[in-house]
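Asker: Residue 186 in the working numbering is what sits at position 190 of the sequence shown, and the numbering runs on without skipping anything.
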Amino acid sequence: LSGGQRQRVALARAIVTKPRVLLLDEPLGALDKALRVDMQIELKRIQREIGITTIFVTHDQEEALTMSDRIGILRDGRLVQEGPPEEIYNRPKSEFAATFLGDANIFRGDTTGDGIRLPDGTAIAAGAGAKLAAGAKASCAVRPERIRIATDAGAPDGTANMLKGQVSKRIFAGNNSTYFVERGGQTLKVIVQNTGVDRLAEGQDVMLSWSPESTVLIAAG
């Protein structure tokens, strides 16, 4: 049997005994991507059908989001955040949680009450996250897919966060592209869908904008 076949046999043997709690440690790690996706769907269907509480250990972030009803993020043996997948992804409570589960752009500065002020004086408004006193050290996290990238500022919006930058690199990934944008010594990531629109060139000046509701305020430490 191949490694993937042995893994599936072991999984079947574990399920057939109908334990009260089932611990699965990287159960799909030996499978290729297409088969792994199919098995994720099938395993979740079986788990719900037989009703076994399952602890699923994985280092695959996409797999964690796909398979779970609740996610627990561990750091150095300690639970740093636990909750539904969408809550963990959209409202991380620490920089570690934000960058461990998916990509996140992190901005650090002093709190202003409704966001932070960067060392260069730029204000970043945050519509979600911790409630902190003005002046405290904090950071803001924003997901790359929440950022709009354009060659101009577009329609004026008094509430949007806006930053100027320069494209340093583009990575094509089929249905989307990742742009790396340099801004004040920091490299920001922006993920956009490939819709046939002309791509941005390396070295091109761009404007980044995103909603405060897509920005999460995180306490320092």
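Virtual Cβ for every residue (Gly too), placed ideally from N, Cα, C.
Where do the ends of the alpha helix (DSSP H) carrying residue 204 lie?
Answerer: Looking at the DSSP string, residue 204 is not in any alpha helix (DSSP H); the run it does join, the beta strand (DSSP E), is 201 to 206.
Asker: For residue 86, does the three-state DSSP call read helix, strand or coil?
Answerer: DSSP places residue 86 in helix when its eight states are reduced to three.
Asker: Let's see if you can read the secondary structure: which residues bound the alpha helix (DSSP H) around residue 31?
Answerer: Element bounds for residue 31: 29 to 46.
Asker: In angstroms with no decimal places, state the Cα-to-Cα distance between residue 160 and residue 209.
Answerer: Straight-line Cα distance between these residues: approximately 20 Å.
Asker: Taking 7 Å as the limit between beta carbons, can you name the residues of its chain near residue 108, skipping five residues before and five after?
Answerer: Same-chain partners within the cutoff: 119, 130.
Asker: Taking Cβ to Cβ, would you say residue 8 is nearer than 7 Å to residue 134?
Answerer: Taking 7 Å as the Cβ cut-off, residue 8 and residue 134 do not qualify as a contacting pair.
Asker: In three-state terms, what does DSSP make of residue 50?
Answerer: Note: residue 50 maps to strand in three-state DSSP.
Asker: Which residues share a DSSP beta bridge with residue 173?
Answerer: Answer by DSSP bridge pairing, in chain order: 168, 188.
Asker: Counting only runs that start and end within the region 85 to 123, where is the beta strand (DSSP E) found for 3 or more residues in a row?
Answerer: Correct list: 101 to 107, 111 to 113, 119 to 121.
Asker: Three or more C-beta pairs under 8 Å: does that hold for the region 80 to 99 against the region 162 to 170?
Answerer: As far as the Cβ criterion goes, the region 80 to 99 does not touch the region 162 to 170, which means the pair count is below three.
Asker: Can you give me the C-alpha to C-alpha distance between residue 136 and residue 35, rounded to a whole angstrom?
Answerer: Distance between the alpha carbons of residue 136 and residue 35 is about 36 Å.
Asker: Which partner residues does residue 79 have in the DSSP bridge list?
Answerer: Paired residues: 67.
Asker: May I ask you to verify whether the region 41 to 60 touches the region 11 to 28, counting CB pairs closer than 8 Å and requiring at least 3?
Answerer: As far as the Cβ criterion goes, the region 41 to 60 touches the region 11 to 28, which means the pair count is three or higher.
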